[in-house]
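Residue numbers (the working numbering), protein chains in the order written: chain A, 39 to 152; chain B, 24 to 137.
Heads up, the beta-carbon is just placed ideally off N, CA and C, and yes, glycines get one too.
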């Protein structure tokens with residue numbers, strides 16, 4: 039089955055700098071790659087996703103890049119703010135059939151230092 | 024706003040005891056999921072469901088059963104709880120649509136098996 043590796047277990051950046059979190063996946067049939075954020079003591083919520091028909095997507099300060107050849111995708115957070123501090127999870131799925139069964143990475147703890 | 028409610032929020036169980044974790048969603052989503060979150064593993068899928076009456080095995084189903092008696096409710100059952108099942112459990116709901124495949128998560132249930 040699919041395996042998703044999240045390369046940075048922890049990441050510290052200074053407020054205003056950019057943060058980059060990298061993930062790789064194994065299943066060449068995966069076509070949907072979302073990112074979720076978990077703030078301290080809270081549940082996960084969706085932040086951004088990318089599908090395999092594009093290689094870049096931006097939503098305000100969040101940019102997702104996808105390299106299908108390398109089976110790699112990344113989340114870039116620009117102009118970081120303290121409220122960006124959280125655990126970020128990447129995920130992948132084949133997005134076929136009737137379900138959106140996701141395989142998650144291990145999570146990256148991002149700390150934004152004021 | 025999509026809503027997924029889990030109960031209980033915290034549970035202490037004894038080894039060998041039976042534990043039932045409940046999840047209710049008001050999103051009218053067809054698909055529901057049970058994940059467990061452990062440090063170093065991220066979120067791992069235990070069971071999922073396509074709709075009332077359906078349950079499917081996820082990536083780590085051993086030691087767990089699931090029940091989906093209605094569109095709104097999805098339960099996770101540990102018939103004989105073991106200390107290795109100590110974890111935080113998240114329920115999620117979602118639907119596959121042309122533009123929105125995101126999952127909505129509950130707040131989690133922290134289970135300790137002593």
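Within-8 angstroms CB hit, residue i to chain B
i, result
"residue 133 of chain A", "yes"
"residue 139 of chain A", "yes"
"residue 96 of chain A", "no"
"residue 149 of chain A", "no"
"residue 81 of chain A", "yes"
"residue 70 of chain A", "yes"
"residue 119 of chain A", "no"
"residue 54 of chain A", "no"
"residue 111 of chain A", "no"
"residue 145 of chain A", "yes"
Neighbour flag for residue i against chain A, beta carbons, 8 angstroms
i, result
"residue 82 of chain B", "yes"
"residue 66 of chain B", "yes"
"residue 103 of chain B", "no"
"residue 128 of chain B", "yes"
"residue 125 of chain B", "yes"
"residue 12 of chain B", "Lying outside 24 to 137, the shown extent of chain B, residue 12 of chain B is not represented and no answer is given."
"residue 131 of chain B", "yes"
"residue 112 of chain B", "no"
"residue 63 of chain B", "yes"
"residue 87 of chain B", "no"
Under the three-state DSSP convention, the category residue i falls into
i, result
"residue 105 of chain A", "strand"
"residue 106 of chain B", "helix"
"residue 122 of chain A", "helix"
"residue 127 of chain A", "strand"
"residue 64 of chain B", "coil"
"residue 59 of chain A", "strand"
"residue 45 of chain A", "coil"
"residue 47 of chain B", "strand"
"residue 83 of chain B", "coil"
"residue 99 of chain B", "strand"
"residue 41 of chain B", "coil"
"residue 26 of chain B", "coil"
"residue 40 of chain A", "coil"
"residue 115 of chain B", "strand"
Nearest-angstrom Cβ-Cβ length linking residue i and residue j, presumed shorter than 8 angstroms
i, j, result
"residue 77 of chain B", "residue 90 of chain B", "Between residue 90 of chain B and residue 77 of chain B the Cβ distance is about 10 angstroms, and since that is not below 8 angstroms, they are no contact."
"residue 64 of chain A", "residue 109 of chain A", "7 angstroms"
Boundaries (first-last residue) of the beta strand (DSSP E) holding residue i
i, result
"residue 126 of chain B", "No beta strand (DSSP E) holds residue 126 of chain B; DSSP gives it neither H nor E."
"residue 131 of chain A", "Residue 131 of chain A -> no beta strand (DSSP E), and no H or E assigned at all."
"residue 36 of chain B", "33 to 36"
"residue 77 of chain B", "Run containing residue 77 of chain B: none; DSSP gives neither H nor E here."
"residue 83 of chain A", "82 to 89"
"residue 91 of chain B", "Careful: residue 91 of chain B lies outside any beta strand (DSSP E) and carries neither H nor E."
"residue 51 of chain A", "48 to 52"
"residue 72 of chain A", "70 to 76"
"residue 92 of chain A", "First-last for residue 92 of chain A: undefined, no H or E at that position."
"residue 146 of chain A", "146 to 151"
"residue 110 of chain A", "110 to 115"
Minimum C-alpha distance to residue i - residue among the options
i, options, result
"residue 120 of chain A", "A:43, A:41, A:57 and A:42", "A:57"
"residue 45 of chain A", "A:132, A:112, A:131 and A:99", "A:112"
"residue 90 of chain A", "A:97, A:96, A:69 and A:76", "A:69"
"residue 143 of chain A", "B:115, B:82 and B:63", "B:63"
"residue 36 of chain B", "B:74, B:92 and B:100", "B:100"
"residue 82 of chain B", "A:141, A:147, A:43 and A:71", "A:141"
"residue 135 of chain B", "B:105, B:65 and B:28", "B:105"
"residue 124 of chain B", "B:45, B:38 and B:53", "B:53"
"residue 27 of chain B", "B:137, B:132, B:133 and B:128", "B:128"
"residue 96 of chain B", "B:51, B:40, B:87 and B:41", "B:51"
The ligand SAM heavy atom lying under 7 angstroms from the CB of residue i
i, result
"residue 152 of chain A", "Ligands in the displayed structure: none, and consequently the ligand SAM is not present."
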